[in-house]
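To keep things clear, I will list the structure first and then write my remarks on it.
Protein chains: 4
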Amino acid sequence: MNLLFCGDLVGRAGRDVVVERLPGLRRDLALDFVIANGENAAGGFGITQKICQELYQAGVDCITTGNHVWDQKETMAFIAGDPKLLRPANFPEGTPGKGAAQYQTQRGKKVVVINLMGRLFMDPLDDPFHQIEELLSTYRLGGNADAIVLDFHGEATSEKMAMGHLVDGRVSLTVGTHTHVPTADHQILPKGSAYQSDAGMCGDYDSVIGMEKTTPIARFTKKLPTERLSAATGPGTLCGIFVETDDRTGLAKRVEPVRVGGRLSQTMPQVQAAAKLATA
Amino acid sequence: MNLLFCGDLVGRAGRDVVVERLPGLRRDLALDFVIANGENAAGGFGITQKICQELYQAGVDCITTGNHVWDQKETMAFIAGDPKLLRPANFPEGTPGKGAAQYQTQRGKKVVVINLMGRLFMDPLDDPFHQIEELLSTYRLGGNADAIVLDFHGEATSEKMAMGHLVDGRVSLTVGTHTHVPTADHQILPKGSAYQSDAGMCGDYDSVIGMEKTTPIARFTKKLPTERLSAATGPGTLCGIFVETDDRTGLAKRVEPVRVGGRLSQTMPQVQAAAKLATA
Amino acid sequence: MNLLFCGDLVGRAGRDVVVERLPGLRRDLALDFVIANGENAAGGFGITQKICQELYQAGVDCITTGNHVWDQKETMAFIAGDPKLLRPANFPEGTPGKGAAQYQTQRGKKVVVINLMGRLFMDPLDDPFHQIEELLSTYRLGGNADAIVLDFHGEATSEKMAMGHLVDGRVSLTVGTHTHVPTADHQILPKGSAYQSDAGMCGDYDSVIGMEKTTPIARFTKKLPTERLSAATGPGTLCGIFVETDDRTGLAKRVEPVRVGGRLSQTMPQVQAAAKLATA
Amino acid sequence: MNLLFCGDLVGRAGRDVVVERLPGLRRDLALDFVIANGENAAGGFGITQKICQELYQAGVDCITTGNHVWDQKETMAFIAGDPKLLRPANFPEGTPGKGAAQYQTQRGKKVVVINLMGRLFMDPLDDPFHQIEELLSTYRLGGNADAIVLDFHGEATSEKMAMGHLVDGRVSLTVGTHTHVPTADHQILPKGSAYQSDAGMCGDYDSVIGMEKTTPIARFTKKLPTERLSAATGPGTLCGIFVETDDRTGLAKRVEPVRVGGRLSQTMPQVQAAAKLATA
Ligand SMILES: [Fe+2]
Ligand SMILES: [Fe+2]
Ligand SMILES: [Fe+2]
Ligand SMILES: [Fe+2]
Ligand SMILES: [Fe+2]
Ligand SMILES: [Fe+2]
Ligand SMILES: [Fe+2]
Ligand SMILES: [Fe+2]
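Protein chains in written order, with the working numbering: chain U, 65 to 344; chain B, 65 to 344; chain G, 65 to 344; chain D, 65 to 344.
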């Protein structure tokens with residue numbers, strides 16, 4: 065199965081590049097399933113129901129989130145009615161929405177997406193290392209799941225790598241989000257799971273983590289209150305990670321970054337099957 | 065001028081890959097100056113005088129550090145006598161060693177290296193955003209410096225990007241260190257400075273930030289004391305960033321990642337001049 | 065029932081003042097039950113089996129702890145065999161020892177002690193606000209418990225006060241520990257539970273939180289490594305909180321600080337019943 | 065000289081108790097100078113020019129602040145024109161207002177007030193341990209200052225006690241603010257300076273650090289966004305610290321807490337001179 069995970073969409077720049085590029089990527093990469101982290105899609109702060117619909121129409125099959133999930137007031141109301149929108153599973157019991165779900169691809173494959181949040185340098189939610197064990201006793205790769213993708217939304221590389229190794233062999237992909245910068249450490253871990261510390265954002269990289277840069281710089285240099293942050297509006301780069309899974313085991317056969325549009329160095333996996341299909 | 069900056073060397077795996085590969089890189093990339101962050105070179109914790117010598121002999125021209133600089137007791141004694149070893153400039157007044165220095169290349173070019181530490185999610189040193197202004201009023205690109213490289217050792221991508229933009233046009237390269245994971249956001253910023261949020265470590269990437277993975281995983285899952293962390297011993301990847309500067313302005317003409325050895329995807333800039341020299 | 069809770073014992077100074085004064089306090093305050101936080105009893109770092117015995121013999125009925133509980137290696141081995149020694153209940157499942165227990169006083173009253181750790185500015189354990197609900201559905205004041213004492217080991221006053229109000233009416237006393245400074249906000253909350261943000265340490269107050277002051281000052285001023293911290297050795301002040309509970313409801317009728325010995329201003333509740341008993 | 069320092073005024077409850085009680089305290093305690101921390105005076109968030117005037121009229125001679133100083137937009141505009149209003153001295157250069165000033169009492173004595181902010185668990189300002197050295201080389205007790213009061217606004221008791229000892233013998237009083245809970249560790253340190261880790265707030269103690277308690281409790285238990293915090297409106301306790309200085313040395317002869325009004329246990333120094341004056 066061919067999967068694509070797109071990192072935190074930040075504002076219009078992030079949404080535009082995803083909406084514009086995703087249809088082509090679905091075709092060129094022969095994608096079976098697409099996940100995008102949408103926690104900053106609405107001007108940098110949260111996500112709205114309208115934006116969710118826009119992303120689904122562009123070809124996103126599941127939206128994950130993170131610490132910004134509740135920034136838009138409406139989210140708490142509509143999340144329970146939207147099975148494609150996840151929030152970190154380790155919010156306390158009773159939190160609206162859910163943190164993991166199973167989806168079916170057009171070809172009938174079962175994809176499980178899990179969303180968890182780290183705790184190092186972040187507001188402490190419930191223990192993600194405990195929760196992942198419970199979730200992975202429910203969802204079993206090669207059993208009731210053809211692929212399992214874990215979006216581990218966190219700050220610290222140590223926590224992300226520890227999680228990646230902990231679930232190595234039990235998920236198809238562990239991918240970090242939240243830092244808004246893509247990492248170049250994508251690899252298949254020893255037991256067969258793909259891993260990348262951070263997918264990076266989909267957004268304008270002439271910015272401070274996707275936000276117009278003047279205000280953040282002022283905050284660091286002056287330590288005084290500033291106006292609200294606003295999303296940067298230059299051309300966005302779509303940053304994502306492509307994984308080809310083994311249909312038999314659900315483990316990763318291949319993991320490669322995708323970076324298209326905007327300022328960052330461009331990179332795109334070459335997918336043979338897709339090429340063949342395209343010429344057929 | 066052609067510059068290479070290598071991220072945090074972690075333990076023997078990190079030292080070995082640098083010592084082994086650097087001579088070839090100096091030749092193939094026609095390098096004029098090589099900087100390496102050595103804060104984790106001694107088993108993951110600090111650096112010794114002997115390791116410094118080993119790295120200089122391998123072709124490192126300057127060693128920067130970070131929060132781990134004092135992990136080896138001897139460092140405080142020998143740093144003042146080693147002009148090639150820097151510690152973050154924003155330690156309080158009276159701290160042994162220095163945080164910025166000017167070096168001369170074999171071709172007579174002046175390279176300034178500045179080492180600063182971020183404060184977000186880290187022990188608060190003096191204000192790096194203030195200190196960089198003082199340093200950049202001393203060292204002027206295109207004036208008394210042919211190239212200026214800033215190693216901004218920090219945790220948070222927001223702080224690193226803010227710094228990168230603040231000094232854009234006034235340095236050749238701002239490169240982050242400390243997270244031990246290379247980022248794929250290398251770019252030339254609008255005013256001409258090269259930028260990368262983190263160079264990544266030189267070390268074994270089948271690990272938790274370069275340390276043998278069992279112990280860190282246990283810390284996250286059990287919250288109990290463990291044995292000391294020890295550096296992972298598998299084959300290391302050298303992670304660095306290559307910058308070609310404009311001899312006239314000192315700004316960046318080109319910035320590309322270097323990843324050789326070990327587990328990570330391999331990448332190497334193609335340098336024409338070097339190719340020509342090699343065949344001449 | 066008359067209860068005394070003594071804050072973190074720090075090193076020999078803390079142990080000495082408790083061992084010396086507690087027998088007199090048990091008599092003068094007609095104490096039914098005595099709890100002491102022992103997380104720093106062994107030279108400032110953890111607690112040993114020998115120290116536990118010393119404290120039990122001096123009249124301590126139950127020892128609570130906190131983030132320093134595992135500083136002495138032996139603790140993990142002996143804690144399961146010592147029903148009077150607690151560690152924070154919100155360590156992950158599988159942690160040795162337990163975080164809450166029911167004890168019987170000499171007069172046959174049932175006292176429940178609960179130990180939890182806060183998460184603000186501390187290593188994140190499991191959610192204490194969730195866990196207290198589970199514990200208080202097991203232990204019910206006026207039901208299976210004649211008194212319930214909660215030691216909430218934490219840094220931030222906001223988290224402590226929030227906890228105090230959350231359990232108001234359901235415990236006899238919520239008392240904070242960990243800051244090593246006694247607070248003067250002891251009060252009976254609106255629904256009848258006694259509260260104090262921090263009991264303060266039992267230790268030498270000519271110090272930095274109980275440790276010899278030169279080294280901590282050097283750490284703050286120089287940002288360089290120092291020798292290990294060692295407990296200050298001047299005369300200790302016993303800092304504790306005295307609560308008289310209503311035998312019918314288990315709620316607090318009276319809450320007053322105890323400070324005896326050492327440098328701090330001295331204060332001692334006047335207990336009529338005890339005076340009468342003593343003269344009888 | 066007789067000095068009173070009142071901790072963070074929180075909202076109307078804090079202002080009311082200070083305005084009501086201060087005239088009597090000035091008389092009964094024969095006060096020469098009164099300082100109050102006003103960072104939460106305006107509904108819990110910052111301070112306005114109108115509130116400053118109200119406090120000056122009630123008998124406050126100097127207002128210190130902390131991390132909330134800029135919460136009200138107008139403060140940045142009027143602070144430069146108000147010599148009695150201080151902000152932490154360790155904000156970066158160029159910050160409006162000042163962090164230390166010398167005042168004259170009605171009897172012609174010179175009182176210096178210094179306001180600094182800690183960095184442990186707080187936004188990192190410039191190094192307060194460095195800055196205090198500069199300030200204390202300008203202001204010398206027994207030289208150009210008859211009394212020096214340091215308001216060290218911080219979270220961690222370790223940082224506050226380290227500061228207290230560092231300046232012991234060079235100030236009349238080091239008093240902490242920011243935690244909104246009074247500590248009972250007031251003492252005269254070995255070299256003669258009075259010390260208290262936190263003055264506590266002037267505000268309603270049936271609250272979470274002065275704010276209406278429902279919302280803060282919800283934040284801790286649910287980890288979801290809530291309405292804005294609002295100041296609690298029950299009767300306030302004035303929490304302060306009284307110091308009598310030696311007119312010759314400027315050091316402390318006596319230090320005692322003041323707690324009047326509201327829920328906390330009441331305490332008031334007995335001042336002979338004042339008693340005599342009153343009966344004269
Ligand atoms: Fe994000
Ligand atoms: Fe995030
Ligand atoms: Fe490092
Ligand atoms: Fe580091
Ligand atoms: Fe403690
Ligand atoms: Fe503690
Ligand atoms: Fe405050
Ligand atoms: Fe504050």
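Glycine included, each C-beta is placed from N, C-alpha and C at the ideal position.
Taking all protein chains shown into account, do 16 or more other C-beta atoms lie within 10 angstroms of the C-beta of residue i, making it buried, or fewer, making it exposed?
i, result
"C116(D)", "buried"
"S201(D)", "exposed"
"K277(G)", "buried"
"Q336(U)", "exposed"
"K287(D)", "buried"
"D96(B)", "buried"
"R312(G)", "exposed"
"R292(B)", "exposed"
"A106(U)", "buried"
"E198(G)", "exposed"
"P188(D)", "buried"
"T129(D)", "buried"
"P321(B)", "buried"
"T285(G)", "buried"
"G172(U)", "exposed"
"T343(U)", "Because T343(U) carries a pLDDT of 48, less than 50, the predicted location of this residue cannot be relied on, and no value is offered for it."
"P333(G)", "buried"
Do residue j and residue i come within 7 Å of each other at the CB atom, strictly closer than that value?
i, j, result
"G161(G)", "I143(G)", "yes"
"K81(G)", "A122(G)", "As written in the sequence, residue 81(G) is Val, which differs from the Lys given in the question. No, the pair does not count as a contact, with Cβ atoms beyond the cut-off."
"Y203(G)", "A209(G)", "yes"
"G346(G)", "V245(G)", "There is no way to answer for residue 346(G), as the model of chain G reaches only from 65 to 344."
"G300(B)", "G78(B)", "yes"
"G182(B)", "G218(B)", "yes"
"V176(U)", "I99(U)", "no"
"Q260(G)", "V235(G)", "no"
"T112(G)", "Q136(G)", "yes"
"A153(B)", "L180(B)", "yes"
"V133(B)", "G108(B)", "no"
"T309(U)", "M65(U)", "yes"
"L302(G)", "R91(G)", "no"
"D190(G)", "D125(U)", "no"
"L67(G)", "V307(G)", "yes"
"L205(G)", "G314(G)", "yes"
How is the beta strand (DSSP E) around residue i delimited, first residue to last?
i, result
"V175(D)", "K174 to M181"
"A211(U)", "A211 to H217"
"Q304(B)", "Here the sequence assigns Gly to residue 304(B), which means Gln is not the residue at that position. Its beta strand (DSSP E) spans residues L302 to T309."
"K148(D)", "Run containing K148(D): none; DSSP gives neither H nor E here."
"R323(D)", "A316 to V324"
"F142(G)", "It is not in any beta strand (DSSP E) - F142(G) instead sits in the alpha helix (DSSP H) that spans T139 to F142."
Below 8 Å on the Cβ atoms is my contact criterion, and I expect residue i with residue j to pass it. Report the Cβ-Cβ distance as a whole number of Å.
i, j, result
"S271(U)", "D232(U)", "In fact, because the Cβ distance is near 34 Å, the residues do not count as touching under 8 Å."
"D146(G)", "N104(G)", "D146(G) to N104(G), Cβ: 18 Å. No contact."
"D249(B)", "L328(U)", "6 Å"
"A226(B)", "P280(U)", "5 Å"
Tell me which residue opens and which closes the alpha helix (DSSP H) that residue i is part of.
i, result
"F193(D)", "P192 to T202"
"A165(U)", "Not the alpha helix (DSSP H): A165(U) falls in the beta strand (DSSP E), residues A164 to Q168."
Just to confirm the assignment: which complete beta strand (DSSP E) runs, minimum length 3, are found wholly within the segment 100-130 of chain U?
The qualifying runs are 126-128.
Residue ranges of each beta strand (DSSP E) run of no fewer than 3 residues wholly in the segment 237-288 of chain G, ordered along the chain?
The segment 237-288 of chain G contains these whole beta strand (DSSP E) runs: 237-241 and 258-260.
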